[in-house]
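Working notes, beginning with the structure itself.
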Amino acid sequence: MKELVEYIAGALVESPSEMMVTEERAGNKVRLELHVAKEDMGRVIGKGGRVANSTRVLLRVAAAREGKQVSLDVVEPN
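Its first residue numbered 1, the sequence shown is counted upward by one per residue in our numbering.
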């Protein structure tokens, strides 16, 4: 799951070196947090959240194939 988010977000951002994905697992649930540079937030979220929601849909499909549940949070930079 983490690799999928890294691949998708890495293609969208201008500063892939500042991108980081953290993963927390609890049983069959996986929680992913995506950290990007402030300038890349708009690219990752998209207009009206469309890009972020599309990424979440792809993650849910991949997780369902493995019998897991996944959530993705885009964390606002400091």
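Here a beta-carbon is modelled for each residue, glycine too, at the ideal position from N, C-alpha and C.
Our two residues, P77 and L59, have alpha carbons roughly 22 Å apart in a direct line. An exposed status is given to A64, since fewer than 16 other beta-carbon atoms sit within 10 Å of its beta-carbon.
In chain order, T55 place their CB closer than 6 Å to the CB of I8, counting only its own chain and leaving out the 5 sequence neighbours on each side.
Counting every other CB atom within 10 Å of its CB across the protein chains shown gives V75 a total below 16, marking it as exposed. Residue pairing of S71 in beta bridges, as defined by DSSP: R31.
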